[in-house]
Amino acid sequence: MRVTRLYAVNFRNYQECCLNITSMVNIFYGQNAQGKTNLLEAMFYAAFGMSHRTAQEDDMQRLDTDQFAVGVNFEDLHGLNDVKIKRQFLDGKKKKELFLNDVKVKPKEHYGTLNMVMFSPEDLQLIKGEPALRRRFFDMQISQTDKAYYDLLVKYNRILQQRNRMLKDIRDNGASAELLATWDQEFVLTAARIAAKRLAALQKLKKLAKAVYAALTGEKEELMINGIFPFIGLDPMTQCAKSLGIVNAEGYIDANENMETAVKGVFVAGDVRSKQLRQVVTATNDGAIAGQ
382 MRVTRLYAVN
392 FRNYQECCLN
402 ITSMVNIFYG
412 QNAQGKTNLL
422 EAMFYAAFGM
432 SHRTAQEDDM
442 QRLDTDQFAV
452 GVNFEDLHGL
462 NDVKIKRQFL
472 DGKKKKELFL
482 NDVKVKPKEH
492 YGTLNMVMFS
502 PEDLQLIKGE
512 PALRRRFFDM
522 QISQTDKAYY
532 DLLVKYNRIL
542 QQRNRMLKDI
552 RDNGASAELL
562 ATWDQEFVLT
572 AARIAAKRLA
582 ALQKLKKLAK
592 AVYAALTGEK
602 EELMINGIFP
612 FIGLDPMTQC
622 AKSLGIVNAE
632 GYIDANENME
642 TAVKGVFVAG
652 DVRSKQLRQV
662 VTATNDGAIA
672 GQ
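Under my numbering, the residues of the sequence shown are numbered 382 to 673, in order.
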């Protein structure tokens, strides 16, 4: 894959920018605050529909304008392609549109079309920052090459929102708690599938990282990467996990085990709801689903 052109309109400090890229290796240099990082941000935004610097899309829009657009032309094994994102004020509200080869597409069709890896000073937060940043980074990498994973993330967040509304309705309006069982099951099964795919990706990363680290140290040291999922010790869950042979003597599931089978097994072990259910799914390490 090779990027051939970047264009941006009303993006950051650029009123209009069109940059033809002819080399595989390119270096942008210049004085501070001239827009070098803005060019990289524009590429990142065109590829992912989000910024690596801010969660507020208004921050990327040039002052005193009501719209902006970015796009990237690139060449891959399938030929020449163009991805473009337009954000403008229509019908009294801000609207974002995504295009692939001039055809309007949905976010899931756009995501992963142009694969990119960004290294920036903000990446230090992957080590120093909160676990949610590491989960987000991992999710973005997997979703670029696995459309099913992207769909699972969308489904998980949708179920989570609906389930939370149900919990609020039970609390505030006395709705029947029996209705929660359906959402509990979907919530657990979807979370299990996400965790299983994360573990599979972790195993691939483990092999690559070990090889790179061995080269850096002259094979004098070995890099170990382990994803550990505490099983909390709640009775029905622990009994089920042990019967499936997926929990060790310390009550942990390691990254070599099938997390999807584990969480499914836990669900069928008994009537596990509310706090217990959330605890097992949102295990307390960085590899687990974001706690709610």
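Note that beta-carbon positions come from the ideal geometry of N, C-alpha and C, so glycine has one too. Computed from a prediction, not measured in an experiment: that's the story for all the values here.
Beta-carbon contacts of residue i that lie in its chain and below 8 Å, excluding the five residues immediately before and after
| i | result |
| --- | --- |
| methionine 521 | Phe429 |
| leucine 534 | Asp520, Ser524 and Ile575 |
Proximity below 9 Å, CB of residue i to CB of residue j
| i | j | result |
| --- | --- | --- |
| serine 524 | leucine 421 | no |
| alanine 595 | leucine 604 | yes |
| lysine 489 | tyrosine 531 | yes |
| histidine 433 | glutamate 511 | no |
| glycine 460 | alanine 427 | no |
Cβ shell of residue i (< 7 Å), same chain only, five flanking positions each side left out
| i | result |
| --- | --- |
| asparagine 482 | Asn462 and Asp463 |
| arginine 552 | none |
| lysine 475 | Arg468 |
Span separating the alpha-carbon of residue i from that of residue j
| i | j | result |
| --- | --- | --- |
| glycine 416 | threonine 385 | 19 Å |
| cysteine 398 | threonine 563 | 51 Å |
| arginine 334 | arginine 539 | Here the chain covers residues 382 to 673 and nothing more, so residue 334 does not appear. |
| lysine 528 | leucine 560 | 31 Å |
| glutamine 442 | alanine 450 | 9 Å |
| leucine 458 | methionine 382 | 7 Å |
| serine 557 | methionine 547 | 9 Å |
| alanine 577 | lysine 509 | 26 Å |
| leucine 507 | glutamate 567 | 30 Å |
| phenylalanine 409 | glutamate 602 | 36 Å |
| lysine 588 | glutamine 543 | 38 Å |
| valine 593 | glutamine 469 | 44 Å |
| threonine 435 | threonine 494 | 22 Å |
| isoleucine 606 | asparagine 391 | 44 Å |
| asparagine 545 | asparagine 407 | 48 Å |
| glycine 555 | alanine 573 | 30 Å |
| asparagine 419 | aspartate 550 | 45 Å |
| arginine 677 | tyrosine 492 | There is simply no residue 677 to check, as the chain begins at 382 and stops at 673 in what is shown. |
| leucine 505 | glycine 411 | 24 Å |
| leucine 615 | leucine 580 | With a pLDDT of only 40 at leucine 615, under the threshold of 50, the placement of this residue in the model should not be trusted, and no figure is reported. |
| glutamine 471 | threonine 526 | Contrary to the premise, residue 471 reads as leucine rather than glutamine in this sequence. Whole-angstrom Cα-Cα distance: 33 Å. |
| aspartate 652 | glutamine 437 | Bear in mind that the predicted position of aspartate 652 carries a pLDDT of just 41, short of 50, making it unreliable; the figure below should be weighed with that in mind. Cα-Cα distance, rounded: 41 Å. |
Among the options, nearest to residue i - alpha-carbon criterion
| i | options | result |
| --- | --- | --- |
| lysine 473 | Lys485, Asp447, Gln542 and Gln584 | In the sequence under discussion, the amino acid at residue 473 is glycine, which differs from the lysine named in the question. Among Lys485, Asp447, Gln542 and Gln584, the Cα nearest to that of glycine 473 is on Asp447. |
| alanine 414 | Ala423, Met424 and Asn394 | Asn394 |
| phenylalanine 455 | Leu507, Asp439 and Ser404 | Ser404 |
| alanine 389 | Met497, Arg383 and Phe425 | Phe425 |
| valine 486 | Lys465, Asp550 and Leu471 | Lys465 |
| leucine 444 | Ala576, Gln396, Lys591 and Lys536 | Gln396 |
| aspartate 439 | Asp550, Gln542, Ile408 and Lys477 | Lys477 |
| alanine 423 | Gln469, Lys475, Phe470 and Met497 | Met497 |
| leucine 541 | Thr571, Asn554, Ala590 and Thr418 | Thr571 |
| methionine 431 | Leu479, Asn407 and Leu505 | Leu479 |
| valine 569 | Leu597, Phe518, Tyr537 and Leu471 | Tyr537 |
Beta carbon proximity, residue i to chain B, threshold 9 Å
| i | result |
| --- | --- |
| valine 484 | The structure shown contains no chain B; it is built from a single protein chain. |
Own chain residues within Cβ distance below 6 Å of residue i, not counting five before or after
| i | result |
| --- | --- |
| asparagine 401 | Arg386 |
| aspartate 667 | Residue confidence for aspartate 667 is low, a pLDDT of 40 falling below 50, so the modelled location carries little weight and cannot support an answer. |
| methionine 499 | Phe425 and His433 |
| lysine 591 | Leu604 |
| lysine 467 | Ala450 and Glu478 |
Residue i: CB within 8 Å of a non-hydrogen atom of the ligand ADP
| i | result |
| --- | --- |
| glutamate 438 | As for the ligand ADP, it is missing from this structure, which has no ligand bound. |
Practice task
Entirely within the region 436-506 and at least 4 residues each: give me those alpha helix (DSSP H) ranges in chain order.
Solution key: You should have 488-491.
Exercise for the section: Starting from the N-terminal side, write out each stretch of the beta strand (DSSP E) that is 3 residues or longer and does not extend beyond the region 530-560. Expected result: Secondary structure remark: continuous beta strand (DSSP E) runs of at least 3 residues inside the region 530-560: none found.
Practice task
Return the chain-ordered ranges of every alpha helix (DSSP H) run that is complete within the region 412-439 and spans a minimum of 4 residues.
Solution key: Taking 4 residues as the shortest admissible run, the region 412-439 contains the following complete alpha helix (DSSP H) segments, listed from N- to C-terminal end: 417-429.
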